[in-house]
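Q: Residue numbers (the numbering used here): 124 to 577. Beta carbons: idealized from backbone N, C-alpha and C, even for Gly.
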């Protein structure tokens, strides 16, 4: 108890800054981690969104021959600042003790470390020449402005929030799930706004940002790859699941002879390798495990190799990827429509596969949240975290194999909820601190740091 009193906000700031400095030094000693997809960002591949390739070009222009070291330094600093901004904002909003603030900050920095896998979080993102670090830092800032949007009357916070989402989608297409959050936030906000004109302006601004982000990516690819469009390979990734659960009878429904030959050739290859859903019984594998473990083989050695062979296209060229995505859009409709039960079963199991004990505990807490004595504002915040958790999984389930790389953005926020709830429980039931929750307007600049009266 004395330690709780002793650890005030100044000491918390000092500890957080010192720890952040140690993280920065430690990760810089690790150096650059070159990932499988890194070269595609350097080459400005047609399947990659524009921001990260442009960031690489910028650092190569000004910091060569140490461009990549400079880039990971920037990534680390950016995540450190974004994590501090969000944790400090939550401290002020929910009047958290400095110890709780420190824990929040430490957990938000977990994706930078290698030990994060111990708690099921993707790690070392700051050292990798991939989009994760920039998108994670920007995601934390977006969550910060979502908090400001929900609990202040400044409409500019919502505009900044939507603008950050637009930039996020230009870094990582996966972040389109945040538009769902923006739509729900606008619908909630309309009850706080007196004039319909304000809502119309906000909706119009949101649509304008969405359109601008979409067109920006198209014009970027026009300039970089001479192709006005977006090729995210979403259809190709969905096709992996469709062919994994298909059968020869379904394949015969494909009218185009070459398209049918590609799928038949892939099917025969996968059957020979025992990588189809029907093979799981003879090799004693679960449906989703066999799919997840061999996703890259089904897509690369199976579908893409067969497509290149049948259509006689060069390997790994942007033109091939564009044509392959177009081919995928043609055939997935047929494969899914004629085998929708098996495909739907795979998608449902994939979604459930992403829910471990932590998610189960979080969902149980969320369901009981209306009956728990917590502030209304905290319940709203928890609702939006739950919405992010579910929408991210729903967006990613049909498209790609499910891994920590795609889920850690929202999963880390579960720990934020757990930590804040733990403080509220301790204050109310262990230390018997009587908190009077109020609904008055929150202005972050007037809220002082709280300490426990022990």
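Do residue 366 and residue 392 have their beta-carbon atoms positioned less than 8 angstroms apart in this structure?
A: Position 269 of the chain shown, counted from the first residue, corresponds to residue 392. Position 243 of the chain shown, counted from the first residue, corresponds to residue 366. Their beta carbons are not under 8 angstroms apart, which means residue 392 does not touch residue 366 by this criterion.
Q: My parser needs the alpha helix (DSSP H) runs of 4 or more residues fully inside the segment 173 to 216; what are they?
A: You should have 174 to 186, 190 to 216.
Q: Please state if the CB of residue 444 and the CB of residue 170 are separated by a distance shorter than 8 angstroms.
A: The residue you call residue 170 lines up with position 47 of the chain shown. The residue you call residue 444 lines up with position 321 of the chain shown. Contact flag set, yes.
Q: Out of curiosity, what's the CA-to-CA distance linking residue 153 and residue 336?
A: As a working mapping, residue 153 is identified with position 30 in the chain shown. As a working mapping, residue 336 is identified with position 213 in the chain shown. Near 34 angstroms, if we compare the C-alpha coordinates of residue 336 and residue 153.
Q: Taking residue 433 and residue 394 to be in contact with their CB atoms under 8 angstroms, please state how far apart those CB atoms are, rounded to whole angstroms.
A: Walking along the chain shown from the start, residue 433 turns up at place 310. Walking along the chain shown from the start, residue 394 turns up at place 271. That pair is no contact at about 18 angstroms.
Q: Rank 254, 458, 349, 202 by C-alpha distance to the C-alpha of residue 580 and give the top, closest one.
A: Coverage of the chain is limited to positions 124 through 577, which leaves residue 580 absent and any answer about it impossible.
Q: By how many angstroms is the C-alpha of residue 185 removed from the C-alpha of residue 478?
A: Position 355 of the chain shown holds residue 478. Position 62 of the chain shown holds residue 185. In a straight line, the C-alpha of residue 478 is about 44 angstroms away from that of residue 185.
Q: Would you call the segment 278 to 293 and the segment 336 to 348 in contact, with 3 or more CB pairs under 8 angstroms?
A: Contact holds: three or more Cβ-Cβ distances are below 8 angstroms.
Q: Mapping the DSSP letters down to three states, classify residue 132 as helix, strand or coil.
A: On the chain shown, residue 132 is found 9 positions in, with the first residue counted as 1. DSSP places residue 132 in helix when its eight states are reduced to three.
Q: With 16 other CB atoms within 10 Å as the buried threshold, where does residue 362 fall?
A: Along the chain shown, one-based indexing puts residue 362 at 239. With 16 or more Cβ atoms within 10 Å of its Cβ, residue 362 is classed as buried.
Q: Using a Cβ-Cβ cut-off of 6 angstroms (strictly less than) and excluding sequence neighbours within five positions of residue 538, which residues of its own chain qualify?
A: Numbered from 1 along the chain shown, position 415 holds the residue referred to as residue 538. Closer than 6 angstroms at Cβ, skipping near neighbours: 230.
Q: Hey, how far is the Cα of residue 212 from the Cα of residue 267?
A: Sequence index remark: in the chain shown, residue 212 carries index 89 (1-based). Sequence index remark: in the chain shown, residue 267 carries index 144 (1-based). Taking the straight line from one Cα to the other gives about 7 angstroms.
Q: Kindly indicate which three-state DSSP category residue 459 falls into: helix, strand or coil?
A: The residue given as residue 459 occupies position 336 in the chain shown. Helix at residue 459.
Q: Does residue 524 pass the burial test, meaning 16 or more other C-beta atoms within 10 Å, or should it be called exposed?
A: Looking up residue 524 in the chain shown gives position 401. Result: buried.
Q: Measuring only the C-alpha atoms, how far is residue 518 from residue 473?
A: Here residue 518 is taken as the residue at index 395 of the chain shown, counted from 1. Here residue 473 is taken as the residue at index 350 of the chain shown, counted from 1. Taking the straight line joining both Cα atoms gives about 12 angstroms.
Q: For residue 567, which residues from the same chain have a beta carbon less than 6 angstroms from its beta carbon, with the 5 sequence-adjacent residues on both sides left out?
A: Translated into positions along the chain shown, residue 567 becomes position 444. With a pLDDT of 42 at residue 567, under the threshold of 50, the modelled position of this residue cannot be trusted; read the value that follows with caution. Once the five neighbours on either side are set aside, the close Cβ partners of residue 567 are 215.
Q: What's the call for residue 313, buried or exposed, on a 16-neighbour Cβ count within 10 Å?
A: The residue labelled residue 313 in the question sits at position 190 within the chain shown. Exposed is the call here.
Q: In whole angstroms, what is the alpha-carbon distance linking residue 280 and residue 320?
A: For the purposes of this step, residue 280 is taken as the residue at position 157 of the chain shown. For the purposes of this step, residue 320 is taken as the residue at position 197 of the chain shown. So the two alpha carbons sit approximately 17 angstroms from each other.
Q: Please identify the residue among 177, 262, 192 whose C-alpha is closest to the C-alpha of residue 206.
A: Position 83 of the chain shown holds residue 206. The residue with the shortest Cα to Cα distance from residue 206 is 262.
Q: When the Cα of residue 175 is compared with those of 296, 311, 399, 276, which residue comes out closest?
A: Position 52 of the chain shown, counted from the first residue, corresponds to residue 175. Of the candidates 296, 311, 399, 276, the one whose C-alpha sits nearest the C-alpha of residue 175 is 296.
Q: Using the Cα positions of residue 351 and residue 172, report the straight-line distance between them to the nearest angstrom.
A: Taking the chain shown and counting its residues from 1, one reaches residue 351 at position 228. Taking the chain shown and counting its residues from 1, one reaches residue 172 at position 49. Roughly 13 angstroms between the two C-alpha positions.
Q: Starting from residue 491, follow the alpha helix (DSSP H) in both directions and report where the run begins and ends.
A: For this step, residue 491 is matched to residue 368 along the chain shown. Residue 491 -> alpha helix (DSSP H) spans 480 to 491.
Q: Going by DSSP in three states, residue 464 sits in which element: helix, strand or coil?
A: The sequence position of residue 464 within the chain shown is 341, counting from 1. Residue 464 falls in the helix class under three-state DSSP.
Q: If you draw a straight line from the C-alpha of residue 441 to the C-alpha of residue 237, how long is it?
A: Here the question's residue 441 lines up with position 318 in the chain shown. Here the question's residue 237 lines up with position 114 in the chain shown. If I take the Cα positions, the gap works out to 34 angstroms.
Q: So residue 543 is in the alpha helix (DSSP H); what residue range does that whole segment cover?
A: For this step, residue 543 is matched to residue 420 along the chain shown. First-last of the alpha helix (DSSP H) with residue 543: 527 to 548.
Q: Tell whether a beta-carbon distance below 8 angstroms holds between residue 515 and residue 530.
A: The count along the chain shown starts at 1 and reaches residue 515 at position 392. The count along the chain shown starts at 1 and reaches residue 530 at position 407. Yes, these two residues count as a Cβ contact at 8 angstroms.
Q: Got a sec? Which residues, its chain only, sit under 7 angstroms from residue 451 by beta carbon, not counting five neighbours each side?
A: Here residue 451 refers to the residue found at position 328 of the chain shown. Cβ within range, chain order: 358, 359, 362.
Q: Just the C-alpha distance for residue 343 and residue 541, rounded to the nearest angstrom, thanks.
A: To locate residue 343, count along the chain shown from 1; it is residue 220. To locate residue 541, count along the chain shown from 1; it is residue 418. About 41 angstroms.
Q: Pick helix, strand or coil for residue 156, following the three-state DSSP scheme.
A: Counted from its first residue, the chain shown places residue 156 at position 33. Reduced to three states, the DSSP call for residue 156 is strand.
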